[in-house]
Amino acid sequence: MSSLLAGDWHLVMSLKRNDDGFRSTGGLQDRLRRQRERRAARREEETGASTGAKRQRRTPAERKSGAPGRGSRRSFRASDEDRRWSDSNASPVPRRARSKRPGPAPSEHAIEFHQNDIDPGAKKVVQRLTRAGYEAYLVGGCVRDLLVGKSPKDFDVATSARPEEVRALFRNSRIIGRRFRLVHVLFPQRHVIETATFRRNPPKASSADDDDLLIRSDNFFGEAHEDALRRDFTINALFYDVDRARVLDWVGGMAHIQSTTIDTIGEPAVRFQEDPIRMLRAIKFAARLDFGIEPRVYDAAVQCRGCLAMAARPRLSEEILRLMRGGASQRSMWLLWEMGMMDILLPELSAYLADQEDDADFWQLLAALDQRIARDGEAPNDILLGAVLLAEPLAESSEGKRDRARAIGRSLEPMIERLALPRRQADGVRRILTMAPKVRSGRGKRFQKSEFYGLTQQLFDLQNRAKERLSGSRRRADDSLDAEEAAASKG
Ligand code: ATP
Ligand code: MG
Numbered sequence: 000m001s002s003l004l005a006g007d008w009h010l011v012m013s014l015k016r017n018d019d020g021f022r023s024t025g026g027l028q029d030r031l032r033r034q035r036e037r038r039a040a041r042r043e044e045e046t047g048a049s050t051g052a053k054r055q056r057r058t059p060a061e062r063k064s065g066a067p068g069r070g071s072r073r074s075f076r077a078s079d080e081d082r083r084w085s086d087s088n089a090s091p092v093p094r095r096a097r098s099k100r101p102g103p104a105p106s107e108h109a110i111e112f113h114q115n116d117i118d119p120g121a122k123k124v125v126q127r128l129t130r131a132g133y134e135a136y137l138v139g140g141c142v143r144d145l146l147v148g149k150s151p152k153d154f155d156v157a158t159s160a161r162p163e164e165v166r167a168l169f170r171n172s173r174i175i176g177r178r179f180r181l182v183h184v185l186f187p188q189r190h191v192i193e194t195a196t197f198r199r200n201p202p203k204a205s206s207a208d209d210d211d212l213l214i215r216s217d218n219f220f221g222e223a224h225e226d227a228l229r230r231d232f233t234i235n236a237l238f239y240d241v242d243r244a245r246v247l248d249w250v251g252g253m254a255h256i257q258s259t260t261i262d263t264i265g266e267p268a269v270r271f272q273e274d275p276i277r278m279l280r281a282i283k284f285a286a287r288l289d290f291g292i293e294p295r296v297y298d299a300a301v302q303c304r305g306c307l308a309m310a311a312r313p314r315l316s317e318e319i320l321r322l323m324r325g326g327a328s329q330r331s332m333w334l335l336w337e338m339g340m341m342d343i344l345l346p347e348l349s350a351y352l353a354d355q356e357d358d359a360d361f362w363q364l365l366a367a368l369d370q371r372i373a374r375d376g377e378a379p380n381d382i383l384l385g386a387v388l389l390a391e392p393l394a395e396s397s398e399g400k401r402d403r404a405r406a407i408g409r410s411l412e413p414m415i416e417r418l419a420l421p422r423r424q425a426d427g428v429r430r431i432l433t434m435a436p437k438v439r440s441g442r443g444k445r446f447q448k449s450e451f452y453g454l455t456q457q458l459f460d461l462q463n464r465a466k467e468r469l470s471g472s473r474r475r476a477d478d479s480l481d482a483e484e485a486a487a488s489k490g
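Each residue of the sequence shown is one higher than the one before, counting from 0 in numbering that gives the first Met the number 0.
Following this line, the structure appears as structure tokens:
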């Protein structure tokens, strides 16, 4: 990176964000404008290309429809913000004469989201890409969440531009990933818009073992409709065309948004064997969105649950944490247990739950966690989540043991192995659960300096709330039973 560019980076990073987007002070504005002019002049000298040529470009959609190009001043004119973010030092992006394989037409749904609902950075990325002649859409979780009225966690963009081409359009970007390269377009305050080139399902491996469906490499560029088909669930495969305010649907996802259904794209058993993590994702979305799981998808997950043992272990533990973090941990863990996946991932917890009542402390503790996440708008630290998940079974397994820490450590060992739990995390859980009974009984003064003391207090807080919930729900159950009996005796 030249020193000019490096210096400019700081200028860009120092821009202040306000409600209208990114604004700079007047002085900064002038410096940037002068730099832009110098670069434009230099670029013209170097390439002989005029910026005017770029303006005449038309998007593929415009070319197809014969519509006038975006050279028409009104539609092309980039805003000050756009220009500020552009890499005017890069040569004009060549739109590759990459032939577009004809594909099926999507069903289109005109839907205009509220201006404030779409992340301004994501919008800029999509618009700059389309103005440079590429296809670009908002995709995945953000479209799904906007459609169900939730505020998206993050905004992802999919495009026909290759990573280097995206990189060339956004100086404030970097290519990440070795196996599949994505571009992170960086905005102030560490805000990142992940921009991925359309991919397609990998061609069927010519493996000797036809039963082995596990996908080991999915590094194949494709077209938009192929990118939709490679995704996991229909509700996650909707593309949003920002300029035309339309949802493009190749997979029937809109119908499933309306019917609040989780359904896979293609045969569920095949999709789950290709990537077993998708079974946990089905649970995550069903629980978080309060959607139903299509019966054939549910049955396939029950049938394929053994494949979870073949998934990469860090992905499994991360996905379990996501189930805990999503604000619907009670529903998630219930589904995990009911569908038999907990037997594979956490058999210790599964065995413990088999002996408990349906309204046991464990379920109330998860409900208290969900309430806390709803209140705070964010999930607590992963170590506390681990302690919440394992407090009950580990307390049971170490009950009456003289060396509690050792007993808990022993019980944790197979879980660390099975899920590749990070040592630090497992150690934190062990220490919280070891000190908890002593702190609770007032004999834990010596733990006050422990880095996990605060988390132990937070666990107590959740456990107290769980107890209140439990006694409340049992009281309500008793009251309604009394009312029923009274009505019956009157009758
Ligand atoms: P969240 O709100 O939890 O981030 P998300 O749907 O955005 O939900 P991500 O893990 O961020 O989930 O993935 C982004 C998109 O990538 C998904 O919406 C989906 O289309 C696709 N995707 C993610 N994981 C898989 C997978 N295992 N198999 C197929 N497609 C996947
Ligand atoms: Mg996401």
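For glycine and all other residues, C-beta sits at the position ideal for the given N, C-alpha and C.
Burial state of residue i, where buried means 16 or more other Cβ atoms lie within 10 Å
| i | result |
| --- | --- |
| M309 | exposed |
| P162 | buried |
| Q462 | buried |
| R83 | Residue placement at R83 cannot be trusted, given a pLDDT of 34 that sits under 50; what the coordinates show is reported in the next sentence. Burial call: buried. |
| P413 | exposed |
| T259 | exposed |
| D248 | buried |
| Q55 | Any reading at Q55 is ruled out, since the residue's pLDDT is 31, under 50, leaving its predicted position unreliable. |
| R304 | buried |
| S470 | exposed |
| F459 | exposed |
| S440 | exposed |
| R371 | buried |
| P202 | exposed |
| D144 | buried |
Spatial neighbours of residue i in its chain, beta-carbon cut-off 6 angstroms, leaving aside the 5 residues before and after
| i | result |
| --- | --- |
| I256 | L146 and I234 |
| N252 | According to the sequence as given, residue 252 is Gly; it is not Asn. Taken in chain order, the residues that qualify are T233, I234, A236 and L237. |
| A465 | D360, Q363, L364 and A367 |
| K400 | A406 |
| L418 | R312, L315 and S316 |
| R142 | The residue you asked about is not Arg; residue 142 is Val in the sequence shown. Only L237 and Y239 meet the Cβ criterion. |
| V125 | A135, V156 and V241 |
Any non-hydrogen atom of ligand 3 within 7 angstroms of residue i CB
| i | result |
| --- | --- |
| D231 | You won't find ligand 3 in this model; what it holds is ligand 1 and ligand 2. |
Cα-Cα separation, residue i to residue j
| i | j | result |
| --- | --- | --- |
| P119 | H113 | 12 angstroms |
| L411 | K123 | 47 angstroms |
| S331 | A167 | 42 angstroms |
| S488 | A350 | 41 angstroms |
| R468 | N115 | 37 angstroms |
| D375 | V246 | 32 angstroms |
| G325 | A378 | 8 angstroms |
| V165 | D231 | 25 angstroms |
| S90 | A244 | With a pLDDT of 36 at S90, under the threshold of 50, the predicted position of this residue should be treated as unreliable, though the coordinate-derived value follows. Their backbone Cα atoms lie some 30 angstroms apart in a straight line. |
| R130 | E347 | 55 angstroms |
| D358 | V138 | 39 angstroms |
| G408 | S472 | 34 angstroms |
| Q329 | I117 | 30 angstroms |
| F290 | R170 | 40 angstroms |
| P105 | E225 | 11 angstroms |
| G385 | D478 | 35 angstroms |
| D153 | I276 | 20 angstroms |
| V438 | K444 | 7 angstroms |
| A425 | I415 | 7 angstroms |
| S71 | F220 | The predicted model places S71 with a pLDDT of 29, which falls under 50 and marks its position as unreliable, so this point remains unresolved. |
| A254 | R423 | 44 angstroms |
| D481 | A373 | 33 angstroms |
| G339 | P187 | 44 angstroms |
Cβ neighbours of residue i in the same chain (closer than 7 angstroms, five flanking residues each side left out)
| i | result |
| --- | --- |
| L334 | I282, A285 and A286 |
| G176 | none |
| A299 | P267, A268 and F271 |
| R403 | S397 and T433 |
| V92 | At V92, the pLDDT of 42 sits below 50, so the modelled position is not reliable and the matter cannot be decided from this model. |
| E391 | Y351, D360 and F361 |
| E293 | T260, I261 and D262 |
| T194 | V124, V156, T158, V165, L181, V182 and V184 |
Nonlocal neighbours in the same chain, by C-beta distance under 8 angstroms from residue i, ignoring five residues either side
| i | result |
| --- | --- |
| F451 | I382, G427, R430, I431 and M434 |
| L344 | L307, L315, I319, L335, R417 and L418 |
| Q457 | P379 and L383 |
| W322 | The question names Trp, yet the displayed sequence has Leu at residue 322. So the list reads L279, I282, K283, A286, S328, S331, M332 and L335, once near-sequence residues are dropped. |
| Inside the region 344–371 only - alpha helix (DSSP H) runs reaching at least 4 residues | 346–353
| query | Unbroken alpha helix (DSSP H) runs of length 4 or more, entirely within the region 259–300: which are they? | reply | 267–273 and 276–288
| Can you give, in chain order, each stretch of the alpha helix (DSSP H) that sits fully within the region 96–154 and has at least 4 residues? | 119–130 and 140–146
| said: List, from N- to C-terminal side, the alpha helix (DSSP H) runs of 4 residues or more that fit wholly inside the region 394–423. | reply: 403–418
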